[in-house]
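Note that the protein sequences, when read in sequence, are chains X and A. Just so we're aligned, residue 1 is where the first sequence starts under UniProt numbering, counting upward by one. Just so we're aligned, residue 1 is where the second sequence starts under UniProt numbering, counting upward by one.
There are 2 protein chains.
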Amino acid sequence: MDALAAVTDRVRALLPERSVITDRARLRTYECDGLAHHRVVPGLVVLPDTVEQIAAIVAECARHRVPFVARGSGTGLSGGALPHAEGVLIVTSRLRRILAVRPEDERVVVEPGVINLDVTRAAAPYGYHYAPDPSSRQICSIGGNVAENSGGAHCLKYGFTAGHVMAVDLVTPDGGQVTLGTEAPDAPGYDLLGTVIGAEGTLGVVTAVTVRLTRDPEAVTTLLAAFTGTDDAGAATSAILAAGIVPAAIEMMDALAIEAAEAATACGYPAGAGAVLIVELDGPAADVHAELAVVTRLCERSGAFVLRVAADDTERELIWKGRRSGFAAVGRISPDYIVQDGVIPRTALPEVLRAIAELSADTGVRVANVFHAGDGNLHPLVLFDSAVPGQEDRAEEVSGAILDLCVAHGGSITGEHGVGSDKARYLPRMFTDADLDTMQLVRCAFDPDGIANPGKIFPTPRLCGEIPRKHRAADGPAFPAGAEIF
Amino acid sequence: MDALAAVTDRVRALLPERSVITDRARLRTYECDGLAHHRVVPGLVVLPDTVEQIAAIVAECARHRVPFVARGSGTGLSGGALPHAEGVLIVTSRLRRILAVRPEDERVVVEPGVINLDVTRAAAPYGYHYAPDPSSRQICSIGGNVAENSGGAHCLKYGFTAGHVMAVDLVTPDGGQVTLGTEAPDAPGYDLLGTVIGAEGTLGVVTAVTVRLTRDPEAVTTLLAAFTGTDDAGAATSAILAAGIVPAAIEMMDALAIEAAEAATACGYPAGAGAVLIVELDGPAADVHAELAVVTRLCERSGAFVLRVAADDTERELIWKGRRSGFAAVGRISPDYIVQDGVIPRTALPEVLRAIAELSADTGVRVANVFHAGDGNLHPLVLFDSAVPGQEDRAEEVSGAILDLCVAHGGSITGEHGVGSDKARYLPRMFTDADLDTMQLVRCAFDPDGIANPGKIFPTPRLCGEIPRKHRAADGPAFPAGAEIF
Chain X
1 MDALAAVTDR
11 VRALLPERSV
21 ITDRARLRTY
31 ECDGLAHHRV
41 VPGLVVLPDT
51 VEQIAAIVAE
61 CARHRVPFVA
71 RGSGTGLSGG
81 ALPHAEGVLI
91 VTSRLRRILA
101 VRPEDERVVV
111 EPGVINLDVT
121 RAAAPYGYHY
131 APDPSSRQIC
141 SIGGNVAENS
151 GGAHCLKYGF
161 TAGHVMAVDL
171 VTPDGGQVTL
181 GTEAPDAPGY
191 DLLGTVIGAE
201 GTLGVVTAVT
211 VRLTRDPEAV
221 TTLLAAFTGT
231 DDAGAATSAI
241 LAAGIVPAAI
251 EMMDALAIEA
261 AEAATACGYP
271 AGAGAVLIVE
281 LDGPAADVHA
291 ELAVVTRLCE
301 RSGAFVLRVA
311 ADDTERELIW
321 KGRRSGFAAV
331 GRISPDYIVQ
341 DGVIPRTALP
351 EVLRAIAELS
361 ADTGVRVANV
371 FHAGDGNLHP
381 LVLFDSAVPG
391 QEDRAEEVSG
401 AILDLCVAHG
411 GSITGEHGVG
421 SDKARYLPRM
431 FTDADLDTMQ
441 LVRCAFDPDG
451 IANPGKIFPT
461 PRLCGEIPRK
471 HRAADGPAFP
481 AGAEIF
Chain A
1 MDALAAVTDR
11 VRALLPERSV
21 ITDRARLRTY
31 ECDGLAHHRV
41 VPGLVVLPDT
51 VEQIAAIVAE
61 CARHRVPFVA
71 RGSGTGLSGG
81 ALPHAEGVLI
91 VTSRLRRILA
101 VRPEDERVVV
111 EPGVINLDVT
121 RAAAPYGYHY
131 APDPSSRQIC
141 SIGGNVAENS
151 GGAHCLKYGF
161 TAGHVMAVDL
171 VTPDGGQVTL
181 GTEAPDAPGY
191 DLLGTVIGAE
201 GTLGVVTAVT
211 VRLTRDPEAV
221 TTLLAAFTGT
231 DDAGAATSAI
241 LAAGIVPAAI
251 EMMDALAIEA
261 AEAATACGYP
271 AGAGAVLIVE
281 LDGPAADVHA
291 ELAVVTRLCE
301 RSGAFVLRVA
311 ADDTERELIW
321 KGRRSGFAAV
331 GRISPDYIVQ
341 DGVIPRTALP
351 EVLRAIAELS
361 ADTGVRVANV
371 FHAGDGNLHP
381 LVLFDSAVPG
391 QEDRAEEVSG
401 AILDLCVAHG
411 GSITGEHGVG
421 SDKARYLPRM
431 FTDADLDTMQ
441 LVRCAFDPDG
451 IANPGKIFPT
461 PRLCGEIPRK
471 HRAADGPAFP
481 AGAEIF
């Protein structure tokens, strides 16, 4: 009996029938996450109801050296939850209890399958919300947010998931259970919490998450500014930040993205705009009022030809609807598209956008730009039609070339969508061998057999014994060959 | 020739004579850090001038399996820089260059020996400062701050060192060099930066630090409030925070601490006060003005009988002088003292302070309390006279009993001074075996020979091969006995 079959038998014995999927047609349902062109049918899918079940499943995987992959809502855009053909996909969506709401110390404790927006809903009666707000917040899970260190429009001011998670419970790849992080301001011991956040499930399965709540601001104002092009909108962004104002969000959309959003949501963005900025200010009412005056003036100076302040929540929601629907809306103007995710220093914004436009003109591949302008986090949408031979390949090339542009301008290959299965090959562009080997040594400390989401993040997954400690001084072997170093 | 002698020979060959100390009398100068009752004369002291020298020294230590300990200014209060008798003490105080000041993106890059306050001095012309402000900021080094994840009075609002360090260069315990952290909002790969911050030099030697600057606030107001006792001052603290105000700092001193501060600095705290609160508000002028009115009212309601707002920087400085001199000032009223450091939930403040007072009355050991009231970080100063037989032991007992109180009330054994050599034995009170073993596995990933600051943090330092993966499922050995797992 092969190893996966052995694990399957044990899991069937441990879990109720409704929690175990082995039927090929149903397994296929889980073949991809939000990165739909990477597909692998998992060997086994389990939908545990409890932490103890997760620990038992992982322990069985460890015993038989069978890979496992955790999956939340499956909305990730880098293939972090891409299954393993010979492995177990552990779906956490049934662990959806809110375990504690403690507004008095600004904390909520949730199971990993809890939906992002449900944390805010639980906190709302007390005047709080959960700040990280991916565009997918209505469906994405907190466990997935932790795995990918998710961002969102308001992370410009409030920071990414890592800044809002105070502690997690983790099932380690040997089936053990640990708690990482505490509520103390500076806890003793190693802070391994930050390492696990954004590790994309390669260090274990998160089974409980304590998050920090953010007090609702006294006032919120949302401004829509229309420009003739992205150069002017970029200049306005720089001017606002240089004035010392940190808006809750500054989002930019270019002409093609506006066209798509209009087609999908009738959000009423100004006609003829080559770019729009959405600037949201929040805080004490007096500050918001004063900042709005400055932002308005700076947008005008940068060439804004329409400035519209949302009069109420309905208008604000409409402005955001266009932006939040951004990716899906592109489906209205193109049968297929790739969502790219890269970061550049804000100062490089005009130059990189021009280079993307040239790339698009040279290749005939259309690119729509929707992005978090405030922190230079680009989301170019590269459009193609998979029915036309060659288009997908060309789109992939353009998408890769955009990442090259980001790196060449001192940026990063991912802003908030993660590495997953999609970008592992790009990691050497940002890290030295010594940097990557140090990460792999930590991975091996947690997971010596490499069974936790293998093939993700690292460009050259190695057996743990193969990672060279090559950075050691060279004039004599510090260890006899074959010695145990662990 | 023994291993240390071999390393000494190599270091003499690599470094100039002025950088190598082997003379017993001069070695003794380095026998302790700020935790003066823990003393070990180091085997060798080196004062490198460059990163390359540090890497070479560590590589030699690795080759000969000789322990090394990094030391900045030696102001740490938990013995994190306590030397090793058979090891090398690497003093970083000559690496004191400010490598870059980049106000345009709010960054400063420094060598590890740079003094905390010098970062603020470098940033001041641009309207910025470095927020973490230990009371020792005039002499403590950034490298030491990173090792201990140092806090300070203003960390209530602005957070600890970990929140202000964006990247470090690290010489790993094999002599390799890596960079951890980036300036991207959500970098790919593992975030190992947070693990190294606060690891007290057990994962390597930090050789460069990129810090985030904080914009100087438009307005600052400092309020001194006198109460009859700590109960009232604690109630005022709770009321201020419950009102949704986050002051830059809320510091409390009890009667004995006030007496010491007055004796040392003539800071003019109100006569007859059983406790004082220092509340500092900063931010936009309009907010500070509005918040001051609320804070004043809440202090009055809680029983403040004197309220004094600093009229100018000189008065503000005088108020802070009393607080900052707090520890040293105690020398005026007691020949010896232990600085304890623990955390409790703010709500437990009155109860724990009463328990400390009872402990003091029962044992006859005087305890002065100076602390960061806003985040529940206590600094009880336990007074004794080492010339009186038995007093030191009794003081140690009282100091330990205070930590027990903290843990019993759901707090932590250290707020900001670290574990070091002082508190390793207390770690099991806060962590399970599985938690501690996970940390040790990470330590071993970086340092399989256990040469980087051994004996610190972990209560039972083990050879790396001895850490059980005991949390694995038990019904069958996953590894054959003696197998390599790394």
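Heads up, the beta-carbon is just placed ideally off N, CA and C, and yes, glycines get one too.
Under DSSP, Gln177 (chain X) shares a beta bridge with X:Val171. Within the same chain, and ignoring the five residues on either side of Ser136 (chain X) in sequence, the residues whose Cβ sits closer than 6 Å to its Cβ are Thr75. Going by beta carbons, Ala248 (chain A) and Asn369 (chain A) fall outside the 8 Å limit. Listed in chain order, the beta strand (DSSP E) elements of length 3 or more contained wholly in the segment 39–95 of chain X are 44–46, 68–71 and 88–91. The shortest CA-to-CA distance from Leu281 (chain A) to any of A:Met252, A:Gly229, A:Ala273 and A:Thr222 is the one to A:Thr222.
For Val419 (chain X), a Cβ of chain A is located within less than 8 Å of the residue's own Cβ.
Here the segment 142–158 of chain A makes contact with the segment 112–128 of chain A; the two share three or more CB pairs at distances below 8 Å.
Its Cα nearest to that of Thr265 (chain X), the residue X:Glu317 stands out among X:Glu317, X:Asp254, X:Val220 and X:Ile278. In the three-state reduction of the DSSP assignment, His129 (chain X) falls in the strand class.
The beta carbons of Ala59 (chain A) and Gly175 (chain A) sit about 3 Å from each other, so the pair counts as a contact at 8 Å. DSSP places Ile278 (chain X) within a strand segment (E or B) once states are collapsed to three. Cβ neighbours of Arg97 (chain X) within its own chain (closer than 7 Å, five residues either side excluded): Glu111. For Asp254 (chain X), no Cβ of chain A is located within less than 8 Å of the residue's own Cβ.
Per DSSP, the unbroken beta strand (DSSP E) holding Asp336 (chain X) starts and ends at Asp336 to Val339. Ile356 (chain A) is not a Cβ neighbour of Val365 (chain A), given a cutoff of 8 Å. Comparing alpha carbon positions, the residue from A:Glu300, A:Leu405 and A:Gly326 closest to Thr228 (chain A) is A:Glu300.
Taking the beta carbon of Leu35 (chain A) as reference, no residue of chain X falls within 7 Å; the closest one sits roughly 15 Å away. Across the set A:Pro83, A:Gly420 and A:Glu466, the C-alpha of A:Gly420 shows the shortest separation from the C-alpha of Tyr190 (chain X). DSSP places Asp437 (chain X) inside the alpha helix (DSSP H), whose first and last residues are Asp433 to Phe446. Cys299 (chain A) does not reach chain X, its nearest Cβ partner there being about 21 Å away, counting only Cβ pairs nearer than 8 Å. Taking Ala100 (chain A) as reference, the option from A:Gly79, A:Val88, A:Ala123 and A:Ser78 with the minimal CA-CA separation is A:Ala123. For the pair Pro448 (chain X) and Cys464 (chain X), the Cα-to-Cα distance works out to about 6 Å. For Leu463 (chain A), the secondary structure class from DSSP, reduced to helix, strand or coil, is coil.
In the DSSP assignment, Val196 (chain A) falls within the unbroken alpha helix (DSSP H) covering Leu193 to Val196.
When only Cα atoms are considered, Leu427 (chain X) and Gly342 (chain X) end up about 13 Å apart. Excluding sequence positions up to five before and after Arg10 (chain X), its CB lies within less than 7 Å of the CB of Glu60, all in the same chain and listed in chain order.
Rounded to whole angstroms, the gap between the alpha carbons of Ala239 (chain X) and Ile344 (chain X) is 17 Å. By the criterion of at least three beta-carbon pairs nearer than 8 Å, the segment 202–217 of chain X is in contact with the segment 163–174 of chain X. Of all residues in the segment 265–289 of chain A, those with a C-beta nearer than 7 Å to a C-beta of chain X are Pro284, Ala286 and Asp287, reading in chain order.
Contact annotation: Leu44 (chain X) and Thr29 (chain X) have beta-carbon atoms that are not nearer than 8 Å. Within the model, the alpha-carbon separation for Val108 (chain X) versus Thr50 (chain X) is close to 19 Å. When Cβ-Cβ separations below 8 Å define contact, Met430 (chain A) makes contact with chain X.
Counting only Cβ-Cβ distances below 9 Å, Gly400 (chain X) has no contacts in chain A at all, with the closest Cβ about 15 Å away. By the rule that beta-carbons nearer than 8 Å mark a contact, Arg215 (chain A) touches chain X. Chain X has a Cβ within less than 8 Å of the Cβ of Val178 (chain A).
With 16 or more other CB atoms across the displayed protein chains lying within 10 angstroms of its CB, Arg63 (chain X) is buried.
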